[in-house]
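Chemist: Dumping the structure here so I can ask a few things about it.
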Amino acid sequence: MSVDRRHRPSATARLAGVVSNSAAGRRVAALRDELRTRRVPLHWTNMFGVIAFACVLVLFVTGFILMFVYTPSSTRVTYDGPYTPLAGAEMSKALQSTLAITFEVPGGLLVRQAHHWAGLLLPAAIMLQLAVSFFTGAFRRPRRLSWVLLFGLLITALLGGWSGYALPDDMLSGTGLRIVEGIVLGIPVVGTWLSALLFGGEFPGRIIENLYPIHVAVVPALLVLLLAARARRAYLDKPAQFAGPGRTEERIVGVPVLPNLAARVGGLLAIATGAIVLIAATVTISPIWLYGPSSPGDASAGSQPDWYTGFLDGALRLVPPGWEFEWLGRTWTLAILIPLAVVGLYLLAIAVYPFVEEWVTGDHRDHHLLDRPRNEPTRTGLGVSGIVFYAALWGAGSADLVATHFHLTVESVVAGYQALVVLGPVVAFVVTRRVCLALQKRDRDILLHGYETGRIVRLPGGEYVEVHGSVDAAERYRLAGPVAVHPVNARPDEDGRLRPTERLRAALARVFFEDRLEPVGPLTRDEVVAGGRTDEAITHTAEARSGAARAGAA
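Here the sequence shown stands for residues 16 to 569, where the numbers follow this note's numbering.
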């Protein structure tokens, strides 16, 4: 009797066939095929995005673990845990649970420190992405929305870091919350109402219970939405690239997304995640057991906020004392209003800069080729001045520590930072523009005459010249210089009137485009040889002179 031994597919194989033949399966297969042919240029600045994603990944995993042990409650209890120096101390359940995570939960200290370190590194990675996008012009059309989304990620990361900073309810975080309360109360008209809403009553109120939902629900949801929206924009827009052989606004030169880019990103993601865990295992951060429990009437001497909020603290310290006045029956404290206005305008300027530059320059084209910072001296000068302004505010947040460490008076240190925050951006803008123009002139000289090699040769006529090395094709594209652009002239409207906004636009355009060098397009090798003392040029000159000498002798 014969037995039917025909091969029958397994249940998983049949399920895979059903999924692949479905509409969703076909879309996934089409996306996979597209990613295998889609090219993406490689550059070292791409690693900042991967590091930021690694920080988000570590934050989500460690935060999910901490949720099961942490108690978001301001209820006062007496500590009876294993840390003897705090035995019998009165504290909140929030601090008690945080100490339990640190000393009683296996691996709890590692998880908590990894969460904190990832929260510190995430704003740094996003700021570096913003800086790279700004100085290379990656924020221009069609990526203006990507810039806004990246800025939104930064604000969300700052909100998540600040809300998580207060949750342990130790002395350091309590000092920071007391400063926040003073700032909120200093806002005229609505300050008292906002303080009651935030703290849930008299300080400290229910601040832990109010911040916990923001930290574990609102911030993660915003991060996921912003990351998804930015990934979608990156998929729809062409990847930006620097100029090079074969690279144009329409043609991308790079590696396929699958499997090349995916393997590189996966490897860097694993390295970054491992580095964060290694730092958490070896470097102590936020030793709350040394700070002790929070107390409304006490403050830590020399306390400093996390680095990413230091510029906010510095803005408060730089306002001279006594800046307030009476108006409408209320006291208007400029020591609070001016820092809030200055920081708010600074952040707003960062968010809207792509739209402002497009309006000033009148350039509404799509750009897929990146700029070298030196080729846009005005934009680079603005970026450096913004960094100097931020650095001055950030440094002022530690004015007291600077005074104690260098044996200076606090007043002199604050006065120095006040001068730096006003004059520093102006000096940085002027110096950066001149440096960019000098670098452009140097690139032009190399492009036209080649590299100096230090080799001195003697021509048949007795002349000594230096041999210049020729520039290869890739270097010629890199040194080609800025694109030819011209300021936008003021244009009257339909009624023939020249509006003030149009005059302002024309004036800003003249400032933006002034002192620009005329571009030099990519030169051929023959043009480089003809313009400089390369080996070929010297040989050609020597042969020409020898020929001329023989002709004269004949």
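The beta-carbon is built from N, C-alpha and C at its ideal position, and this holds for glycine as well.
Under a three-way DSSP split, which group does threonine 171 fall into?
Modeler: Correct three-state label for threonine 171: helix.
Chemist: Tell me whether leucine 384 sits in a helix, a strand or coil according to DSSP, three-state version.
Modeler: DSSP places leucine 384 in strand when its eight states are reduced to three.
Chemist: Assuming alanine 574 and leucine 384 make a contact with CB atoms under 8 Å, what is their CB distance in whole Å?
Modeler: Since the first residue shown for the chain is 16 and the last is 569, residue 574 is missing from the structure and cannot be characterised.
Chemist: Rounded to whole angstroms, what is the Cα-Cα separation between arginine 54 and arginine 266?
Modeler: So the two alpha carbons sit approximately 9 Å from each other.
Chemist: Terminal residues of the continuous beta strand (DSSP E) containing isoleucine 471?
Modeler: From DSSP, the beta strand (DSSP E) with isoleucine 471 extends over 466–473.
Chemist: For valine 375 versus phenylalanine 527, is the C-beta distance shorter than 8 Å?
Modeler: Contact: yes.
Chemist: For arginine 548, which of helix, strand or coil comes out of DSSP?
Modeler: Because the pLDDT of arginine 548 is 48, which lies under 50, any placement of that residue in the model is unreliable, and the number read from its coordinates should be weighed accordingly. Coil, per DSSP.
Chemist: Based on the DSSP secondary-structure assignment, which residues constitute the bridge partners of threonine 346?
Modeler: In DSSP, threonine 346 forms a bridge with Glu341.
Chemist: Mind checking isoleucine 612: buried by the 16 CB within 10 Å criterion, or exposed?
Modeler: This structure does not reach residue 612, given that the chain is present from 16 up to 569, and the question cannot be answered.
Chemist: Of all the options Gly64, Lys108, Arg449, Cys451, which has the alpha carbon lying nearest to the alpha carbon of glutamate 224?
Modeler: Of Gly64, Lys108, Arg449, Cys451, the residue nearest in Cα terms is Lys108.
Chemist: How far does the beta strand (DSSP E) with serine 107 in it extend, from its first residue to its last?
Modeler: Start and end: 105–107.
Chemist: Counting along the chain, where does the beta strand (DSSP E) carrying histidine 483 start and finish?
Modeler: Run containing histidine 483: 479–484, per the beta strand (DSSP E) assignment.
Chemist: Could you say if the region 140–157 and the region 271–283 meet the contact criterion of at least three C-beta pairs nearer than 8 Å?
Modeler: Touching, no, given that fewer than three Cβ pairs across the two stretches are closer than 8 Å.
Chemist: Given that a residue counts as buried once 16 or more other Cβ atoms are within 10 Å of its Cβ, and exposed if not, what is threonine 93?
Modeler: The residue in question, threonine 93, is exposed, as its Cβ has fewer than 16 Cβ neighbours within 10 Å.
Chemist: According to the Cβ coordinates, are leucine 169 and proline 203 closer than 8 Å?
Modeler: In this structure, proline 203 does not lie closer than 8 Å to leucine 169 by Cβ.
Chemist: Could you check which residue in Val498, Ala495, His230, Gly465 has the C-alpha nearest to that of valine 482?
Modeler: It is Gly465.
Chemist: Quick one: is histidine 230 buried, meaning 16 or more other Cβ sit within 10 Å of its Cβ, or exposed?
Modeler: With 16 or more other Cβ atoms within 10 Å, it is buried.
Chemist: Leaving aside the five residues before and after phenylalanine 83 along the sequence, list all residues of the same chain whose C-beta is less than 7 Å from its C-beta, in chain order.
Modeler: Taken in chain order, the list of residues that qualify is empty.
Chemist: Closer than 8 Å by C-beta to valine 280: which residues in its own chain qualify, once you throw out the five before and the five after it? Chain order, please.
Modeler: Closer than 8 Å at the Cβ level, and outside the excluded window around valine 280, lie Val65.
Chemist: Ends of the beta strand (DSSP E) at arginine 91?
Modeler: Where arginine 91 is concerned, the enclosing beta strand (DSSP E) stretches over 91–93.
Chemist: Let me know if alanine 453 comes out buried or exposed under the rule of 16 or more other beta-carbons within 10 Å of its beta-carbon.
Modeler: Label assigned to alanine 453: exposed.
Chemist: DSSP has proline 271 in a bridge; who is on the other side?
Modeler: DSSP, once it has assigned bridges, lists Arg54 as partnering proline 271.
Chemist: Sorted by chain position, which residues of the same chain lie with C-beta nearer than 8 Å to glycine 176's C-beta, five sequence neighbours on each side aside?
Modeler: Result list for glycine 176: Gly134, Leu135, Leu137, Pro138, Asp321, Tyr323, Thr324, in chain order.
Chemist: May I have the straight-line CA-CA distance separating phenylalanine 326 from glycine 410, to the nearest angstrom?
Modeler: About 7 Å.
Chemist: State whether the region 335–351 contacts the region 186–205, with contact taken as three or more CB pairs (one from each stretch) at a distance under 8 Å.
Modeler: Short answer: they touch.
Chemist: Tell me which same chain residues have a C-beta within less than 7 Å of the C-beta of tryptophan 59, skipping the five on either side of it?
Modeler: Within the same chain, tryptophan 59 has no close Cβ partners at all.
Chemist: Quick check: what's the CA-CA separation for tyrosine 397 versus alanine 443?
Modeler: In the sequence as displayed, the identity of residue 397 is leucine instead of tyrosine. Roughly 8 Å between the two C-alpha positions.
Chemist: Name the two residues that bound the continuous alpha helix (DSSP H) containing leucine 331.
Modeler: Taken as a continuous stretch (DSSP letters only), the alpha helix (DSSP H) holding leucine 331 covers 325–332.
Chemist: Counting only runs that start and end within the region 235–313, where is the alpha helix (DSSP H) found for 4 or more residues in a row?
Modeler: Taking only runs of at least 4 residues, the alpha helix (DSSP H) segments lying wholly in the region 235–313 are 277–297, 303–306.
Chemist: What is the rounded straight-line gap between the Cα of valine 436 and the Cα of proline 336?
Modeler: Taking the straight line from one Cα to the other gives about 17 Å.
Chemist: Reducing DSSP to helix, strand and coil, say where aspartate 48 ends up.
Modeler: Of the three classes helix, strand and coil, the one that applies to aspartate 48 here is helix, per DSSP.
Chemist: By the three-class DSSP mapping on this structure, what secondary structure does serine 25 have?
Modeler: Reduced to three states, the DSSP call for serine 25 is coil.
Chemist: Hey, would you say glutamine 433 sits closer than 8 Å to leucine 333, going by beta carbons?
Modeler: Cβ atoms of glutamine 433 and leucine 333: closer than 8 Å.
Chemist: Would you give the residue range spanned by the alpha helix (DSSP H) that glutamate 490 belongs to?
Modeler: 488–493 is the span of the alpha helix (DSSP H), which, as asked, contains glutamate 490.
Chemist: DSSP beta-bridge partners for aspartate 185?
Modeler: Note: aspartate 185 sits in a beta bridge opposite Pro308.
Chemist: What separation, rounded to the nearest whole angstrom, lies between the Cα atoms of leucine 251 and leucine 237?
Modeler: Spanning the two alpha carbons is a distance of roughly 21 Å.
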